[in-house]
Amino acid sequence: MNNSMEQWHEFVASQNPAALASIVDEQCVFFSPVVHSPQRGRDLTIMYLTGAMRVLQDGFRYQKEIVDSEHAVLEFVCDIDGLTVNGVDIITFNDAGKIIEFKVMVRPLKAINLVHEKMGQMLEQLSA
Numbered sequence: 125m126n127n128s129m130e131q132w133h134e135f136v137a138s139q140n141p142a143a144l145a146s147i148v149d150e151q152c153v154f155f156s157p158v159v160h161s162p163q164r165g166r167d168l169t170i171m172y173l174t175g176a177m178r179v180l181q182d183g184f185r186y187q188k189e190i191v192d193s194e195h196a197v198l199e200f201v202c203d204i205d206g207l208t209v210n211g212v213d214i215i216t217f218n219d220a221g222k223i224i225e226f227k228v229m230v231r232p233l234k235a236i237n238l239v240h241e242k243m244g245q246m247l248e249q250l251s252a
């Protein structure tokens, strides 16, 4: 596992957004499961990841991981308001080991709708 993956897991455990600054590339692109357009740049990526960890924190855990030097596919499970959310984080690293792309996919449809609602509220708080 590369150092950035270790740091990613440290972020998930601590939920400290400062831990992301050193592993997210300035040109990172974040693909949300509910926002059509890609979110570009380190600051937006960190804001979305921070918000997601706050929204998805109840019982959040990775069930499966497939990792090589350039990519990681991490399947997660958590609960929101009693609903089980299942999803996948797809992470791409550059040659320096920094995250250059982060894509999130979520299922089932009820979970996507709930994540959309909760993330909207969280991003408003984080942007204020």
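Quick note on numbering: my numbering labels position 61 of the sequence shown as 185, and the sequence is numbered without any gaps.
We treat Cβ as the ideally placed atom computed from N, Cα and C, and that holds for glycine.
#1: For a test of the three-state rule: what should DSSP assign to residue 165, helix, strand or coil?
#2: Would you kindly work out how many angstroms separate the C-alpha atoms of residue 168 and residue 221, rounded to a whole number?
#3: Report all residues from its chain with a CB closer than 7 Å to the CB of residue 143; omit the five preceding and five following residues, and keep chain order.
#4: Rounded to the nearest angstrom, how far is the Cβ of residue 229 from that of residue 157, given a contact under 8 Å?
#5: Straight-line CA distance for residue 139 to residue 250?
#6: Tell me the residue span of the alpha helix (DSSP H) that contains residue 226.
#7: In whole angstroms, what is the alpha-carbon distance linking residue 77 and residue 231?
#8: Based on the DSSP secondary-structure assignment, which residues constitute the bridge partners of residue 154?
In terms of the structure at hand:
#1: Start at 1 with the first residue of the sequence shown, and residue 165 comes out as number 41. If DSSP states are grouped into helix, strand and coil, residue 165 belongs with coil.
#2: Here residue 168 refers to the residue found at position 44 of the sequence shown. Here residue 221 refers to the residue found at position 97 of the sequence shown. About 19 Å.
#3: Position 19 of the sequence shown, counting from 1, holds the residue named residue 143. Same-chain partners within the cutoff: 131, 134, 135.
#4: Position 105 of the sequence shown, counting from 1, holds the residue named residue 229. Position 33 of the sequence shown, counting from 1, holds the residue named residue 157. Indeed, because the Cβ distance is near 6 Å, the residues count as touching under 8 Å.
#5: Taking the first residue of the sequence shown as 1, we reach residue 139 at position 15. Taking the first residue of the sequence shown as 1, we reach residue 250 at position 126. Near 14 Å, if we compare the C-alpha coordinates of residue 250 and residue 139.
#6: Here the question's residue 226 lines up with position 102 in the sequence shown. No alpha helix (DSSP H) holds residue 226; the beta strand (DSSP E) holding it covers 223–231.
#7: Residue 77 lies beyond the residue range present for the chain, which begins at 125 and ends at 252; the question has no answer from this structure.
#8: Sequence index remark: in the sequence shown, residue 154 carries index 30 (1-based). Note: residue 154 sits in a beta bridge opposite 163, 226.
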